[in-house]
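Visitor: Chains as they are written, first to last, in this note's numbering: chain A, 949 to 1442; chain B, 4 to 362.
Handing you this structure, nothing more for now.
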Amino acid sequence: MRLFPVRGGIHPDYRKERTSESAIVALPLPAALYIPLQQHIGAASEAVVAVGDVVKKGQIVARSGGVVSAASHAPTSGRVAAVTDFTAPHPSGLPQPTIVIEPDGRDEWAADLPPGIDDPFAADPKAIRDRVAASGIVGMGGAAFPSAVKLNLGTQHKLETLLINGAECEPYLTCDDRLMREFAAEVVDGARVMAHALGAPRVVVGIETNKPQAIEAMTRAAAAFPDVTVVGVPVQYPMGSERHLTQAITGRETPARKLTADLGVVVHNVATARAVHHAVRFGRPLVRRVVTVSGGAIARPANVEAPLGTLVSELVAFCGGFSQPPRRVVNGGPMMGQPLPSLEVPVVKGMSGILALTLDETDEKPSQPCIRCGSCVTICPCGLVPVEMAAFIRHDNLDGAAKSGVMDCVSCGSCSYICPSHIPLVHFFNYAKGALNAKDRERRHLDQIKALAESHALRVEKQAAAKKAAAAAAAAARAQAAAAPLTDDDKANA
Amino acid sequence: MTTAYNDRAGPFTHAPTSVSKTMFTVLAALTPATLFNLWMFGWPAIFLFLVTVGSCVALEFLCVRIAGGSPEGAIGDGSVLITGWLLAVSLPPWAPWWVGVVAAVFAVALAKHAFGGLGQNVFNPAMVGRVVVLVSFPVQMTAWVAPRPLFSAGAPGFVESLGTTFGRNVSLDSISAASPLGFVKTELARGIPVDQSIVNVPGLADLLLGFHPGSMGEASVPLVLAGGLYLMWKRIISWHIPVSLLGTLFLMGTLFHAVDPARYAGGLFHLITGASFLGAFFIATDYVTSPVSKQGQIVFGIGIGLLTWIIRTYAGYPEGMAFAVMLMNALTPILDQHFRPRVFGRTRKGQPLPVKGDQ
């Protein structure tokens, strides 16, 4: 299959060999599971269980809280010990409402799980979308966007391709690699079901060529299906970015402020495809995920399939604990992952990796003055000029930064990675994006208030005018009434 | 568990790059050519080199100290060594010590630190230093000597050389010779056509190797080129500035020479004389004062090549590289504004790309 060049990018030290040959192992049931109500982009879910409730594995514990939201299910059977605030796996370390489940050790599936759909390709696409929504599936590559919403794109767009993202371009992470090697058939089936739900006639699986075994396994699994193509894409970070993978495979560039769906392409992650397979074929909701536990400070790096809600500290302990004190503990890959405030936070649906990195690996240094070397301009996969945007933001000139394109930045971090002066460029851009979004919200809020105030004033004015008109009409009527007898008399006289 | 884990945003890995690594790679690339130059021009050149680099380092220390920074860190990044080094090799090798010191003051204190230090200067500091002494002390700055390699017959001894660099009574007339570019220019002014005077400059091999009067850095095209290629291989510089600069210079020389050989020197002559190669690979490519985008760098290189040719051909100075670099330095902010990559998903004008079917 012909591939298309993608601008810029970097070639970091991948360090995937530490876990790429470790088969996925299941984590024994921990002592308690912590299910946060916000594990996804969108509205928080709403708890539907109370303290003391007995739950079975797969039973819904929190329902979707809006159009863009996702349900959560009990990852095992047990008792709801609390519905309380608990530290979120977010850099802020702030607490959020969380359902705490004490496992009973029996790990029993609920008896009332929906039945598997025997022939999903004959089923109504809506039935599949509903099943995916009911199963609480979100994008498992890290973004955690509710998958059912994304599967809806076929209703508004004419879709050509479902792109399955197996690029796994982040260093260290191998969970998708292992998933494709060990469960290729499940991934391919899930992908085909999603393509049916989307109305997309073909499926393309993009895998970076540094995962030859995964490419081989997936090619074999897809051999029976002429509508599924597996293609090796260049090892070039950030190949796993939705827009860049789409460009590499279709040669088409997603216009700014549009979706890949506008080009007829929808992108889903391989782990999401497998979750869809389980939901549609067996009626099993999303209750577990594979997490790569790696980094120089982890004694025995591994790929662990853990129940959602497991504490990160239990994952780390399962992997032999720390062999040396880590400098950073990161949720996700080292490029776009978020630092964790503590190990006492739960595994969530979008958590692809837990990395305990040593100072040697993070290579943190104080930043020096920019020497304008232009490396950031050369490698920016979005064609931006990071050096200029950072200069604007440093002077708090957010409008300048916006004009210079900061809202088109995908926060891949390549510029920070390459910068010889160790300037935290992407940190500047994330700050600016947050501040600009807040400004935008504020502006829209003010516009709304203005619109309301104006319509109120208009209404008051109208009412006053109506009153005046009514008064005038009444006065006229009175005057007419006073004059009427005379007129009648005149008529009578006539 | 402490919250010291999350006091910083990602990425949590970094390329093995640093400012000092970049700067010291440039110095390494300059070393072979410079050692050759120092050998060729002997002790006076070595003294002048040490005085110039030493003054630059001392001034850096002083300026950073005054500004309240860390002088050790500033010197450790290696940038001032490059400035001093390039400045030293752009001077006539037997110039008196104070020329190096004055040039250093203008290069480091004025061109660099008055503008805000590393990364903030508009003009290439070494070229500012050179141009200031060139226009202020034309006698000393055009007193070229023929190469007298160290330890060869006729080369000045150590003590004698101390007198040349630090003494007061150097008879410049007795030692001075013209650089090839200067010679051709003076002869043309006397009415002797270029095609006749050019046969009297050193041969092609001598021009290439640098066995002719000139400033240190003008010698030895092969070693400068080797250093430049090393920098490209190390990805410190890219081909854009050197190729567009040398290409333009060569093209202009060749074209006009074809039209009127009596008036214009050829493309090859322009390439291998003067500071063409040193300028193209080591001076014009200075990060701080050149455009950040590849598109801008090509325009920048073409501009320097063109201006160098114009100054050499029509202006009063035989060599125009330093002026050309500074003129294009002044344009760099504008080039940065106008020559930039196309943003992903947008047209060159910044509008979102049209979606198929709804133009």
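We treat Cβ as the ideally placed atom computed from N, Cα and C, and that holds for glycine.
What you are looking at is a predicted structure, and each value in this text was computed from that prediction instead of being measured.
(1) Report all residues from its chain with a CB closer than 7 Å to the CB of residue 1307 of chain A; omit the five preceding and five following residues, and keep chain order.
(2) With 9 Å as the threshold, decide whether the Cβ of residue 17 of chain B is near any Cβ in chain A.
(3) Measuring only between beta-carbons, confirm whether residue 1319 of chain A sits less than 9 Å from chain B.
(4) Output needed for residue 85 of chain B: all residues of its chain with C-beta closer than 7 Å, excluding positions within five of it in sequence on either side, in chain order.
(5) Please check if any C-beta of chain B sits within less than 9 Å of the C-beta of residue 1283 of chain A.
(6) For a minimum of 4 consecutive residues, which ranges assigned as the alpha helix (DSSP H) are wholly contained in the stretch 1182-1218 of chain A?
(7) Taking residue 1382 of chain A as the reference, give the member of A:1358, A:1371, A:1119 and A:1299 with the closest Cα.
(8) For a contact defined as C-beta to C-beta under 7 Å, what are the partners of residue 1235 of chain A on chain B?
(9) So, for residue 967 of chain A: in the same chain, excluding its five sequence neighbours on each side, which residues have a beta-carbon less than 7 Å away from its beta-carbon?
(10) I'd like to know whether the C-beta of residue 10 of chain B is nearer than 9 Å to at least one C-beta of chain A.
(11) Comparing alpha-carbon positions, which option in A:1055, A:991, A:1032 and A:962 lies nearest residue 1255 of chain A?
(12) Are the C-beta of residue 290 of chain B and some C-beta of chain A separated by less than 9 Å?
(13) Residues in the same chain with beta-carbon distance under 8 Å from residue 59 of chain B, minus the five sequence neighbours each way, listed in chain order, please.
(14) Answer yes if the stretch 1176-1196 of chain A comes into contact with the stretch 950-963 of chain A, meaning at least three C-beta pairs across the two stretches below 8 Å, and no otherwise.
(15) Out of curiosity, what's the CA-to-CA distance linking residue 1057 of chain A and residue 1004 of chain A?
(16) So, with DSSP's three-state summary, where would you put residue 1385 of chain A?
(17) Where residue 118 of chain B and residue 290 of chain B are concerned, what is the direct C-alpha to C-alpha distance, given to the nearest angstrom?
(18) What is the rounded straight-line gap between the Cα of residue 210 of chain B and the Cα of residue 161 of chain B?
(19) Just to confirm, are residue 1244 of chain A and residue 1279 of chain A a CB contact at a threshold of 9 Å?
(20) Write down every uninterrupted run of the beta strand (DSSP E) in the stretch 143-195 of chain B whose length is 3 residues or greater and which is fully enclosed by it, in chain order.
(21) Which residues in the same chain as residue 127 of chain B place their Cβ atom closer than 7 Å to its Cβ, once the five residues preceding and following it in sequence are excluded?
(22) Does DSSP put residue 122 of chain B in a helix, in a strand, or in coil?
(23) Does the Cβ of residue 949 of chain A have 16 or more other Cβ atoms within 10 Å, making it buried, or fewer, making it exposed?
(24) State the CB to CB distance for the pair residue 1292 of chain A and residue 1261 of chain A, rounded to an integer number of angstroms; the pair is presumed to be in contact (CB under 8 Å).
(25) For my contact list, residue 183 of chain B and residue 44 of chain B are in at a C-beta cut-off of 8 Å; report their separation, rounded to the angstrom.
(26) Let me see if you follow: with CB-CB separation under 9 Å, is residue 357 of chain B close to chain A or not?
(27) Which whole-angstrom value is the C-beta distance of residue 1127 of chain A and residue 1238 of chain A, which I expect to be below 8 Å?
(28) Report, in whole angstroms, the separation of the C-beta atoms of residue 1327 of chain A and residue 1369 of chain A, which I expect to be a contact under 8 Å.
(29) Are the stretch 1098-1108 of chain A and the stretch 1164-1180 of chain A touching by the rule of at least three beta carbon pairs closer than 8 Å?
(30) How big is the Cα-Cα spacing for residue 302 of chain B and residue 338 of chain B?
(31) Cα separation between residue 361 of chain B and residue 1029 of chain A?
(32) Mind checking whether residue 169 of chain B and residue 50 of chain B have CB atoms under 9 Å apart?
(33) Please list the partners that residue 1356 of chain A has in chain B, where partner means a Cβ-to-Cβ separation under 9 Å.
(34) Hey, would you say residue 133 of chain B sits closer than 9 Å to residue 93 of chain B, going by beta carbons?
(35) Checking contacts by CB at 9 Å: is residue 1375 of chain A closer than that to chain B?
(36) Identify the residues that DSSP records as bridge partners of residue 349 of chain B: which are they?
Guide: Taking the definition as stated:
(1) Counting from one through the first sequence, the residue named residue 1307 of chain A turns up at place 359. Contacts found: 1275.
(2) For this step, residue 17 of chain B is matched to residue 14 along the second sequence. So yes, residue 17 of chain B belongs to the interface.
(3) Taking the first sequence and counting its residues from 1, one reaches residue 1319 of chain A at position 371. By this cut-off, residue 1319 of chain A is an interface position.
(4) If you number the second sequence from 1, residue 85 of chain B lands on position 82. 26, 29 and 30.
(5) Here residue 1283 of chain A is taken as the residue at index 335 of the first sequence, counted from 1. Output row for residue 1283 of chain A: interface = yes.
(6) With a minimum length of 4 residues, the unbroken runs of alpha helix (DSSP H) contained wholly in the stretch 1182-1218 of chain A fall at 1190-1198.
(7) Here the question's residue 1382 of chain A lines up with position 434 in the first sequence. Among A:1358, A:1371, A:1119 and A:1299, the Cα nearest to that of residue 1382 of chain A belongs to A:1358.
(8) Residue mapping note: residue 1235 of chain A aligns to position 287 of the first sequence, counting from 1. Per Cβ cutoff of 7 Å: no residues; residue 1235 of chain A is ~27 Å from chain B at best.
(9) On the first sequence, position 19 is the one that residue 967 of chain A refers to. 1122, 1240, 1242, 1249, 1250 and 1251.
(10) Here residue 10 of chain B refers to the residue found at position 7 of the second sequence. Closer than 9 Å to some Cβ of chain A, the Cβ of residue 10 of chain B qualifies, so yes.
(11) What you label residue 1255 of chain A is simply residue 307 of the first sequence in a count that begins at 1. If we check each option's Cα against that of residue 1255 of chain A, A:1055 comes out closest.
(12) For this step, residue 290 of chain B is matched to residue 287 along the second sequence. Cβ-Cβ to chain A under 9 Å: yes for residue 290 of chain B.
(13) By 1-based counting over the second sequence, the position of residue 59 of chain B is 56. Result list for residue 59 of chain B: 83, 84, 86, 87, 90, 107, 110 and 111, in chain order.
(14) The count of Cβ pairs closer than 8 Å, one atom from the stretch 950-963 of chain A and one from the stretch 1176-1196 of chain A, reaches three, so the stretches are in contact.
(15) Mapped onto the first sequence, residue 1057 of chain A falls at position 109. Mapped onto the first sequence, residue 1004 of chain A falls at position 56. Cα-Cα distance, rounded: 6 Å.
(16) Here residue 1385 of chain A is taken as the residue at index 437 of the first sequence, counted from 1. Note: residue 1385 of chain A maps to helix in three-state DSSP.
(17) On the second sequence, residue 118 of chain B is found 115 positions in, with the first residue counted as 1. On the second sequence, residue 290 of chain B is found 287 positions in, with the first residue counted as 1. Computed Cα separation, rounded: 16 Å.
(18) On the second sequence, position 207 is the one that residue 210 of chain B refers to. On the second sequence, position 158 is the one that residue 161 of chain B refers to. Computed Cα separation, rounded: 27 Å.
(19) Here residue 1244 of chain A corresponds to residue number 296 of the first sequence, with the count starting at 1. Here residue 1279 of chain A corresponds to residue number 331 of the first sequence, with the count starting at 1. Going by C-beta atoms, residue 1244 of chain A is not nearer than 9 Å to residue 1279 of chain A.
(20) None, since the stretch 143-195 of chain B contains no complete beta strand (DSSP E) of that length.
(21) For this step, residue 127 of chain B is matched to residue 124 along the second sequence. Excluding residues within five positions, the ones whose Cβ falls inside 7 Å are 286, 289, 292, 328, 329 and 332.
(22) Residue numbering aside, residue 122 of chain B sits at position 119 when the second sequence is read from its first letter. Residue state, collapsed to three classes: coil.
(23) The count along the first sequence starts at 1 and reaches residue 949 of chain A at position 1. So residue 949 of chain A counts as exposed.
(24) Sequence index remark: in the first sequence, residue 1292 of chain A carries index 344 (1-based). Sequence index remark: in the first sequence, residue 1261 of chain A carries index 313 (1-based). Yes, they are in contact, since the Cβ atoms of residue 1292 of chain A and residue 1261 of chain A sit about 6 Å apart, within 8 Å.
(25) Locating residue 183 of chain B in the second sequence gives position 180, where the first residue counts as 1. Locating residue 44 of chain B in the second sequence gives position 41, where the first residue counts as 1. With 8 Å as the limit, residue 183 of chain B and residue 44 of chain B do not qualify as a contact, their Cβ atoms being about 16 Å apart.
(26) Reading the second sequence from its first residue, position 354 is the one you call residue 357 of chain B. Cβ-Cβ to chain A under 9 Å: yes for residue 357 of chain B.
(27) Mapped onto the first sequence, residue 1127 of chain A falls at position 179. Mapped onto the first sequence, residue 1238 of chain A falls at position 290. That belief holds up - the Cβ atoms of residue 1127 of chain A and residue 1238 of chain A are roughly 6 Å apart, short of 8 Å.
(28) For the purposes of this step, residue 1327 of chain A is identified with residue 379 of the first sequence, where counting begins at 1. For the purposes of this step, residue 1369 of chain A is identified with residue 421 of the first sequence, where counting begins at 1. About 15 Å separates the two Cβ atoms, so there is no contact after all.
(29) no
(30) Translated into the one-based positions of the second sequence, residue 302 of chain B becomes position 299. Translated into the one-based positions of the second sequence, residue 338 of chain B becomes position 335. C-alpha separation (whole angstroms): 8 Å.
(31) Here residue 361 of chain B is taken as the residue at index 358 of the second sequence, counted from 1. Here residue 1029 of chain A is taken as the residue at index 81 of the first sequence, counted from 1. Note that residue 361 of chain B has pLDDT 48, beneath the 50 cutoff, so the model's placement of it is unreliable and no number is given.
(32) The sequence position of residue 169 of chain B within the second sequence is 166, counting from 1. The sequence position of residue 50 of chain B within the second sequence is 47, counting from 1. Going by C-beta atoms, residue 169 of chain B is nearer than 9 Å to residue 50 of chain B.
(33) The residue you call residue 1356 of chain A lines up with position 408 of the first sequence. Result: 346, 347, 348 and 349.
(34) In the second sequence, residue 133 of chain B corresponds to position 130, counting from 1. In the second sequence, residue 93 of chain B corresponds to position 90, counting from 1. Cβ distance < 9 Å, so residue 133 of chain B and residue 93 of chain B count as in contact.
(35) The residue given as residue 1375 of chain A occupies position 427 in the first sequence. By this cut-off, residue 1375 of chain A is an interface position.
(36) On the second sequence, residue 349 of chain B is found 346 positions in, with the first residue counted as 1. Its beta-bridge partners are B:355.
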